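Engineer: Structure incoming, see below.
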Amino acid sequence: IDLRGKRVAVIGAGASGFQLVPAIAGTAHVDVYQRTPQWMAPTVHYHEPVGAGARWATRHLPYYARWLRLVSWWPIADALDEQIT
């Protein structure tokens, strides 16, 4: 859909809104309507492929996936803590 020169309203700022709004930011005007503001932080390595070692560990080592989730979220949570306090 060609949205150039159009006024666009996005209702909701969840995961879909976070993906949609940057893609249509070049339109004439974008309004975002949300009930509750969301926290968003960039994840630098999000699109990088997961290495063979990490895939193996996720399948074979108990709790490795939870640990990996913790260490990937920790820097973001730490930065948010500085902004909030």
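My numbering numbers the first residue of the sequence shown as 15 and each following residue consecutively.
Where a beta carbon is used, it is the ideal one built from N, C-alpha and C, also for glycine.
Because the structure is a prediction, the values reported are computed rather than measured.
1) Determine the closest residue to residue 82 out of 94, 28, 95 and 67, with distance taken between C-alpha atoms.
2) Under a three-way DSSP split, which group does residue 49 fall into?
3) Can you tell me where the beta strand (DSSP E) holding residue 25 begins and where it ends?
4) Please state the DSSP three-state secondary structure of residue 59.
5) Sort 73, 54 and 59 by Cα distance to residue 91 and report the nearest one.
6) In three-state DSSP terms, what is residue 44?
7) Enumerate in chain order the residues of its own chain whose CB-to-CB distance from residue 25 is below 6 Å, with the five nearest sequence positions on each side excluded.
Structural biologist: For this structure:
1) Answer by Cα proximity: 67.
2) Here residue 49 sits in coil by DSSP.
3) Counting along the chain, the beta strand (DSSP E) containing residue 25 begins and ends at 21-25.
4) Correct three-state label for residue 59: coil.
5) The alpha carbon of residue 91 has as its nearest neighbour, out of 73, 54 and 59, the alpha carbon of 54.
6) Judged by DSSP in its simplified three-state form, residue 44 adopts strand.
7) For residue 25, where only same-chain residues beyond five positions count, the Cβ hits under 6 Å are 47.
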